[in-house]
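Trainee:
Numbering (the UniProt record's numbering), first residue to last: 1 to 75.
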């Protein structure tokens with residue numbers, strides 16, 4: 001789940017999430033917009049605060065497994 005989706009589902013503002021994580025609202029905004037990826041210590045707090053709903057992979061745009069499989073060449 002993306003951080004933005006978590007915030008919307010829990011009705012959290014960037015400032016509120018920032019307080020929970022011990023970081024500023026502007027930093028949360030950069031994470032939400034994809035301008036920055038959290039450092040390891042902040043990432044651990046994100047996973048903890050979101051109870052695992054948001055994890056490291058959620059900060060990267062990775063291809064969906066089905067689309068990867070459909071483009072794989074068969075030997």
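Beta carbons are placed, not taken as given, at the ideal position from N, Cα and C, and that holds for glycine.
For residue 44 and residue 21, what's the separation of their Cα atoms in angstroms?
Mentor: The alpha-carbon atoms of residue 44 and residue 21 are separated by roughly 10 Å.
Trainee: Just the Cα atoms here: how many angstroms apart are residue 52 and residue 46?
Mentor: So the alpha carbons of these two residues sit roughly 8 Å apart.
Trainee: Just the Cα atoms here: how many angstroms apart are residue 56 and residue 16?
Mentor: The straight-line gap from Cα to Cα measures roughly 21 Å.
Trainee: Pop quiz: residue 11 and residue 32 are said to be a contact at Cβ under 8 Å. What is the actual Cβ separation, rounded to whole angstroms?
Mentor: That pair is no contact at about 15 Å.
Trainee: Have a look at 58, 60, 61, 49 and flag the residue whose alpha-carbon is nearest the alpha-carbon of residue 23.
Mentor: Residue 23 has its Cα closest to that of 49, out of 58, 60, 61, 49.
Trainee: For residue 27, which of helix, strand or coil comes out of DSSP?
Mentor: Residue 27 falls in the helix class under three-state DSSP.
Trainee: Secondary structure at residue 9, three-state DSSP: helix, strand or coil?
Mentor: It is helical.
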